[in-house]
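I have placed the structure first, in the form of structure tokens, so that the comments after it can refer back to it.
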Amino acid sequence: MRRWIAVSVLGGLLAGWLFAFQPEQVSLRFQFQPKQTLTYEATQQGEGTLTINAGGQDIVSQMHIEAKTTDTYQVERVSDYGDAILVRTTRGKMTFKVSAPTGEEKAETRDIPTTRLRLHVDPTGQVRQMQWLERPEREKEEVASTPFGKLGIRFSDAPEVALENLLLPEKPVKVGDTWDITRSVKMTVGDRPVKLEVKGRGRLAGWEKVGDRLCALLEMTTEIPTMSDFFQQLFTALPTEASNATVDGSVKDESKFWFDADAGRILRVESAGEATMNFSLSLPTGGSVSTMMLMHMTERKQLVKVSKASPSEKP
């Protein structure tokens, strides 16, 4: 009994000590150093179900995805106002497993093509400009197959909105404060611009230690409650037969960031997301075909190395 009392007292003292060092209000900003290199390692997992209904019969397939990636950020330069020019290099490996309705399973492991991207980022994490330096040829214009033909979808005019999807608050915040991170994402489908509205909110949930660093625990929730407006815009680039199709879906992501406020960088990220998609098509014969997809994704990422680039290293 005395041992548990001692442990409880010690725990209370430690909690009080940690609370005493938590700032009442803090201005959260990324702080980059010229020629600095930040390396993050991440693991992603996904579970999905694809259901196709044709003639009143469901055909169900299961899929499983595992990936390991490494993101390296090289800081080219930093302005007097804290804006930074970064070059991000992403490499990795991914494994797909698909279970057919017959019970047959197929698995494939492949390298994720290396990509390099130059980003202009402000101290809140907002991406001001983006320039591709290296990416697979097929990603320069994604060709989407539809029941009505193929569409070229260009994302080059849709820069990432925030670094690692973390948009910091403009004003100082205290524990419990929230801020809006709603944004619009634009892309080109065919020759038409298409816009997607993403709702989001950030929150300073508290302070936690990662190793010997006291970090702000930030919670981010982003969602697209309905994608019907997006697909309505998309259908304007499709033949008139598309008017017989109905498509909707939703996306939701909840992330936690452990942000080192003193050093001005992310130390750890944990996120979980869900995406749904429903497609139905009325056939000239009077029948219909429908498809439903449900996908769950999780990711864990952490900072593993901070270093200076060698003088001869060119981003």
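First residue of the sequence shown: 4, per the numbering used here; consecutive thereafter.
By construction, the Cβ of each residue, glycine as well, lies at the ideal position given by its N, Cα and C atoms.
Please read all numbers here as calculations on a predicted model, not as lab measurements.
Residue ranges of each beta strand (DSSP E) within the segment 188-236, 3 or longer
Fully enclosed beta strand (DSSP E) runs of 3 or longer: 195-213, 216-227.
What did DSSP end up calling Glu-27 once you bin it into helix, strand or coil?
Note: Glu-27 maps to coil in three-state DSSP.
Buried or exposed: where does Ser-274 fall if 16 or more other Cβ atoms within 10 Å of its Cβ makes it buried?
Counting of Cβ neighbours within 10 angstroms places Ser-274 among the buried residues, the total reaching 16 or more.
Is the separation between the beta-carbon of Ser-64 and that of Ala-110 shorter than 8 Å?
No, the Cβ-Cβ distance between Ser-64 and Ala-110 is not below 8 Å.
Local conformation of Glu-257 per DSSP, three classes:
In the three-state reduction of the DSSP assignment, Glu-257 falls in the strand class.
What does Ser-285 pair with, by DSSP beta-bridge criteria?
Among the bridge pairs identified by DSSP, Ser-285 is matched with Ser-291.
Report buried or exposed for Tyr-43, applying the criterion of at least 16 other Cβ atoms within 10 angstroms of its Cβ.
It is buried - the Cβ of Tyr-43 has at least 16 other Cβ atoms within 10 Å.
Burial state of Leu-136 (16 or more Cβ within 10 Å)
With fewer than 16 Cβ atoms within 10 Å of its Cβ, Leu-136 is classed as exposed.
Thinking Glu-226 and Lys-259 are a contact (beta carbons under 8 Å), I'd like their distance in whole angstroms, please.
About 16 Å separates the two Cβ atoms, so there is no contact after all.
Asp-215 to Leu-284 span [Cα, whole Å]
Distance from the CA of Asp-215 to the CA of Leu-284, rounded to the nearest whole angstrom, comes to 56 Å.
Looking at the structure shown, is Leu-171 part of a helix, part of a strand, or coil, going by DSSP?
Leu-171 falls in the coil class under three-state DSSP.
Where Gly-95 falls, given that 16 or more other Cβ within 10 Å makes a residue buried
Around the beta carbon of Gly-95, a 10 Å sphere encloses 16 or more other beta carbons of the protein chains shown; the residue is thus reported as buried.
Residue interval of the beta strand (DSSP E) (run including Leu-120)
Element bounds for Leu-120: 108-124.
When Ser-253, Pro-126, Val-197, Met-300 are compared against Ser-30, the one with the closest alpha-carbon
Measuring from the Cα of Ser-30, the nearest candidate turns out to be Pro-126.
So Leu-170 packs on Gly-128, CB below 8 Å; how close in whole Å?
A Cβ-Cβ separation of about 5 Å places Leu-170 in contact with Gly-128 under the 8 Å criterion.
Answer yes or no: do Phe-282 and Ser-291 have a C-beta to C-beta separation smaller than 8 Å?
Taking 8 Å as the cut-off, the Cβ atoms of Phe-282 and Ser-291 do not count as close.
Got a sec, what are the start and stop residues for the beta strand (DSSP E) Tyr-76 sits in?
Run containing Tyr-76: 60-81, per the beta strand (DSSP E) assignment.
Would you report the Cα separation of Arg-32 and Ala-219, rounded to the nearest angstrom?
Take the alpha-carbon of Arg-32 and the one of Ala-219: they are about 11 Å apart.
Measuring alpha carbon to alpha carbon, tell me which of Met-97, Asp-86, Gln-34, Glu-257 ends up nearest Val-130.
Minimum Cα distance to Val-130 is reached at Asp-86.
Give me the Cα-Cα distance between Leu-306 and Val-213, rounded to the nearest whole angstrom.
Roughly 11 Å separates the two Cα atoms.
Are the beta-carbon atoms of Tyr-76 and Thr-112 separated by less than 8 Å?
For the pair Tyr-76 and Thr-112, the CB atoms are not nearer than the 8 Å cut-off.
Reference Asp-263; option with closest CA among Lys-177, Asp-232, Trp-210, Thr-301
That would be Trp-210, whose Cα lies nearest to the Cα of Asp-263.
Considering only residues of the same chain and omitting the five flanking positions on each side of Met-280, which have a CB-CB separation below 6 Å?
Within the same chain, and ignoring the five residues on either side of Met-280 in sequence, the residues whose Cβ sits closer than 6 Å to its Cβ are Gly-252, Met-296.
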